[in-house]
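Novice: Count along the sequence shown from 1, then add 1248; that gives the number in the numbering used here.
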Amino acid sequence: MGIPSGKPFHARYRGRPDRADDRGQAPRGGGHRSAAGLIAALCLLAAPAAAESLRLATWDAGLSRRGPGLLLADIETGDPQVTAAAALIAGARPDVLLLTGFDWDHDGRALAAFSAALDAAGLVLPHRYAPRPNAGVQSWLDLDGNGRMGEPRDAQGYGRFTGQGGMALLSRLPLRTEAARDFSAFLWADLPGSLIDGAGLSPAARAVQRLSSTGHWDVPVALPSGRDLHLLAFAATPPLFDGPEDRNGRRNRDETAFWLRYLDGALPVPPPLAPFAILGDADIDQVAGEGRRDALVALLADPRLQDPRPEGAQGTATALYGAPLRLHYIMPSADLRVTGAGVIWPEAGETAPRRALVWVDISLP
1249 MGIPSGKPFH ARYRGRPDRA DDRGQAPRGG GHRSAAGLIA ALCLLAAPAA AESLRLATWD
1309 AGLSRRGPGL LLADIETGDP QVTAAAALIA GARPDVLLLT GFDWDHDGRA LAAFSAALDA
1369 AGLVLPHRYA PRPNAGVQSW LDLDGNGRMG EPRDAQGYGR FTGQGGMALL SRLPLRTEAA
1429 RDFSAFLWAD LPGSLIDGAG LSPAARAVQR LSSTGHWDVP VALPSGRDLH LLAFAATPPL
1489 FDGPEDRNGR RNRDETAFWL RYLDGALPVP PPLAPFAILG DADIDQVAGE GRRDALVALL
1549 ADPRLQDPRP EGAQGTATAL YGAPLRLHYI MPSADLRVTG AGVIWPEAGE TAPRRALVWV
1609 DISLP
């Protein structure tokens, strides 16, 4: 048995850069119906269909605010940061975009407003998926052990309000949301081989602490061929801002390890069918900075995946925090052909985010 499509996964269940438009135009003028022209046309009809290119992208554009409703207000009033973010995304021309660090609201008004801003900038991504993230969802326990409850660090994922710094998926192609799997309710303690032991959680906290600080999703994209491309999306907690127990470092590692267990079939749901792509914010560099890297290193080296190593003005780095760090990743399954990849940095400015947009082009037969 599986889990109900599109519903949160119950942790205790034990059933089974800019680019031109590459869509060419036919030459103008009346053609001569010569024998050579007819033969050429017949040859074209007999040839295999050209592969379609699909551009996947992910970006933390800094579209999060300190209170509920503030992002929506900024979008509606044309805040310069929002306008610049929409322009950069439209210039990158993704077909599928995962936004991380984007505030969620119950009715999806901020996401709908930002989608309209993208439309106005020349990029139409009509299909959206954004269930409630764990960020800001209160546990009503003293998770951080400081003797107080109801604080941002007592939420299932850090947040001053429900949905602060969530995730959102936008797509040119239809998203089969009815078949999506939302693993956000999966308990940390239920992950095989997790590092929750030693994280300093009380028994009560351990019993309710979810693995995802934001979310883990498997969302099928309906391809023109009739097949699905499974998008495995996530945004992990930074391995910082804790104590000697390294609670965030352990959790960050396990949020990446989740995908290894999922691909292995080690969770109580079947693994995803190829083709698929893991994308999002692992919030850890495989060689620099802080954190426990073993799960990320294993994921990047997994033969079921490929790492296109997109590059931009800072090499493969996608974030600047004192030093350039690679924190954001797109890893297509090994059966997909990668035809291009890159990193696009926003223009420097007082409100410019410290993170860059990452894109990868894949060829679909």
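For each residue, glycine too, the CB sits at the ideal point set by N, CA and C.
1) Can you tell me the Cα-Cα spacing of G1597 and A1309, whole angstroms?
2) May I have the straight-line CA-CA distance separating A1536 from D1542, to the nearest angstrom?
3) In or out: T1564 buried (at least 16 other Cβ within 10 Å) or exposed?
4) Indicate the three-state DSSP secondary structure (helix, strand or coil) for Y1510 in the structure shown.
5) Buried or exposed, going by whether 16 or more other CB atoms sit within 10 Å of the CB of A1505?
6) Under the rule that 16 or more other beta-carbon atoms within 10 Å means buried, what is L1359, buried or exposed?
7) How many angstroms separate the CA atom of G1349 from the CA atom of W1465?
8) Who does E1300 pair with in a DSSP beta bridge?
9) By how many angstroms is the C-alpha of D1533 removed from the C-alpha of M1579?
10) Give the DSSP-derived three-state secondary structure of L1423 in the structure shown.
11) For V1469, which residues in the same chain have their Cβ closer than 7 Å to its Cβ, ignoring the five residues on either side in sequence?
12) What is the DSSP secondary structure of I1444, reduced to helix, strand or coil?
13) Determine the contact status of S1460 and E1503, defining contact as a CB-CB distance below 8 Å.
14) In angstroms, rounded to a whole number, what distance separates the CA positions of L1417 and E1559?
15) Distance, Cα to Cα, Y1406 vs Q1412?
16) What are the boundary residues of the beta strand (DSSP E) that A1571 is part of?
17) Taking the continuous beta strand (DSSP E) assigned at I1592, which residues delimit it?
18) Around the Cβ of N1496, are there at least 16 other Cβ atoms within 10 angstroms (buried) or fewer (exposed)?
19) Just the C-alpha distance for F1434 and V1456, rounded to the nearest angstrom, thanks.
20) How many Å lie between Y1666 and S1363 at the Cα?
21) What span of residues does the beta strand (DSSP E) with L1346 cover, start to end?
22) If you draw a straight line from the alpha carbon of P1400 to that of V1385, how long is it in whole angstroms?
23) Among A1437, R1314, T1462, whose alpha-carbon lies nearest the alpha-carbon of L1346?
24) Figure out for me which residue from A1447, R1429, T1410 has the closest Cα to the Cα of H1354.
25) Taking DSSP as the reference, what is the three-state secondary structure of A1561?
26) Where DSSP assigns a beta bridge to Y1377, which residues make up the other side?
27) Measure the beta-carbon distance from L1544 to A1530 and round it to whole angstroms, keeping in mind my assumption that it falls under 8 Å.
28) Exposed or buried, what is P1594 when buried is set at 16 or more other beta-carbons lying within 10 Å of its beta-carbon?
29) Taking DSSP as the reference, what is the three-state secondary structure of L1290?
30) In whole angstroms, what is the alpha-carbon distance linking L1319 and P1381?
31) Assign G1446 to buried or exposed, taking buried as 16 or more other Cβ atoms, counted over all protein chains shown, within 10 Å of its Cβ.
32) Is the beta carbon of A1582 less than 8 Å from the beta carbon of P1556?
33) Does the distance from the CB of R1540 to the CB of R1498 come in under 8 Å?
34) Starting from the Cα of S1387, find the closest Cα among A1321, A1403, S1432 and give me that residue.
35) With burial defined as no fewer than 16 other Cβ atoms inside 10 Å of the residue's Cβ, what is the status of N1500: buried or exposed?
36) On the three-state DSSP scale, how would you describe P1519?
Specialist: With the given structure in hand:
1) Their Cα atoms are separated by approximately 13 Å.
2) If I take the Cα positions, the gap works out to 13 Å.
3) Residue burial is scored here from C-beta neighbours: T1564 has at least 16 other C-beta atoms within 10 angstroms and is therefore classed as buried.
4) Correct three-state label for Y1510: helix.
5) Classification for A1505: buried.
6) The residue in question, L1359, is buried, as its Cβ has 16 or more Cβ neighbours within 10 Å.
7) Their Cα atoms are separated by approximately 15 Å.
8) Answer is L1612.
9) Rounded to the nearest angstrom, the two C-alpha atoms are 15 Å apart.
10) DSSP places L1423 in the strand class (E or B) of the three-state scheme.
11) Excluding positions up to five away in sequence, the list reads V1344, S1419, L1421, L1423, D1476, L1477, L1479.
12) Coil.
13) Against a cut-off of 8 Å, the Cβ pair of E1503 and S1460 comes out as a contact.
14) Roughly 23 Å between the two C-alpha positions.
15) One C-alpha to the other measures close to 8 Å.
16) Bounds of the beta strand (DSSP E) holding A1571 are 1571-1573.
17) I1592 -> beta strand (DSSP E) spans 1585-1592.
18) So N1496 ends up on the buried side.
19) Approximately 10 Å between the Cα atoms of the pair.
20) Past the boundaries of the shown model lies residue 1666; the chain is included only from 1249 to 1613, so the question cannot be answered.
21) From DSSP, the beta strand (DSSP E) with L1346 extends over 1344-1350.
22) Roughly 9 Å between the two C-alpha positions.
23) The shortest C-alpha separation from L1346 is found at T1462.
24) Restricting attention to A1447, R1429, T1410, the CA atom closest to the CA of H1354 is found in T1410.
25) In the three-state scheme derived from DSSP, where H, G and I count as helix and E and B as strand, A1561 is classed as coil.
26) Among the bridge pairs identified by DSSP, Y1377 is matched with L1417.
27) Confirmed, Cβ separation roughly 6 Å.
28) Burial of P1594 is indicated by the presence of at least 16 other C-beta atoms within 10 angstroms of its C-beta.
29) The predicted position of L1290 is uncertain, since its pLDDT is 33 and thus under 50; a value taken from the coordinates is nonetheless stated next. Helix.
30) Straight-line Cα distance between these residues: approximately 16 Å.
31) Exposed, because fewer than 16 other Cβ atoms sit within 10 Å of the Cβ of G1446.
32) No.
33) Going by C-beta atoms, R1540 is nearer than 8 Å to R1498.
34) Looking from the CA of S1387, the closest CA among A1321, A1403, S1432 belongs to A1403.
35) Counting the other CB atoms within 10 Å of its CB gives N1500 a total of 16 or more, which places it among the buried residues.
36) Here P1519 sits in coil by DSSP.
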